[in-house]
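Visitor: In the working numbering, the protein residues as written are 6 to 169.
1. Residue 62: which of 89, 73, 136, 81 sits nearest, CA to CA?
2. Between the Cα of residue 74 and those of 29, 159, 138, 139, spot the shortest distance and give me the residue it belongs to.
3. Put residue 125 into one of helix, strand or coil per three-state DSSP.
4. Return the first residue and the last residue of the beta strand (DSSP E) that residue 135 is part of.
5. Can you give me the C-alpha to C-alpha distance between residue 68 and residue 165, rounded to a whole angstrom?
6. Using a 10 Å radius around the Cβ and a threshold of 16 neighbouring Cβ atoms, would you call residue 81 buried or exposed?
7. Distance, Cα to Cα, residue 107 vs residue 120?
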């Protein structure tokens with residue numbers, strides 16, 4: 006019997022909200038749904054996100070990391086140092102992908118979707134990567150550009166299918 010060759014999975018560029026969900030879930034799943042930025046999520050959504058990202062190479066841009074750090078500081082407040090410590094291994098395993106500022110500023114999307122989202126779009130275009138986002142304008146722009154993109158709503162639907 007011949008083994009089927011495994012298709013190489015594309016790297017995933019993770020946007021701010023999915024990354025925040027991932028990191029808060031690693032730190033303390035009980036905080037999911039309680040934090041303002043994560044109020045629409047449940048621990049089951051973290052589980053599906055975890056499965057989606059398993060065995061995938063996760064890429065982040067500096068803008069996403071900066072946004073997540075600021076939001077996490079607001080979310081976990083006094084426990085930020087503990088939060089960082091709990092997530093340091095996960096963050097170290099992620100690949101940081103840098104797009105030159107001037108390249109981002111030159112893109113027509115910059116005026117529509119902003120700096121961080123344009124950096125994700127540009128990075129995914131440069132690497133033929135996939136984008137994971139909860140942001141509809143970024144999702145639509147990725148689709149228009151022919152990129153593989155997954156919206157968090159699709160992952161949330163998967164969680165609902167397995168709900169008992």
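All residues carry an ideal CB built from backbone N, CA and C; glycine is no exception.
Guide: Looking at the coordinates:
1. 136
2. 29
3. helix
4. 135 to 138
5. Cα-Cα distance, rounded: 31 Å.
6. buried
7. 11 Å
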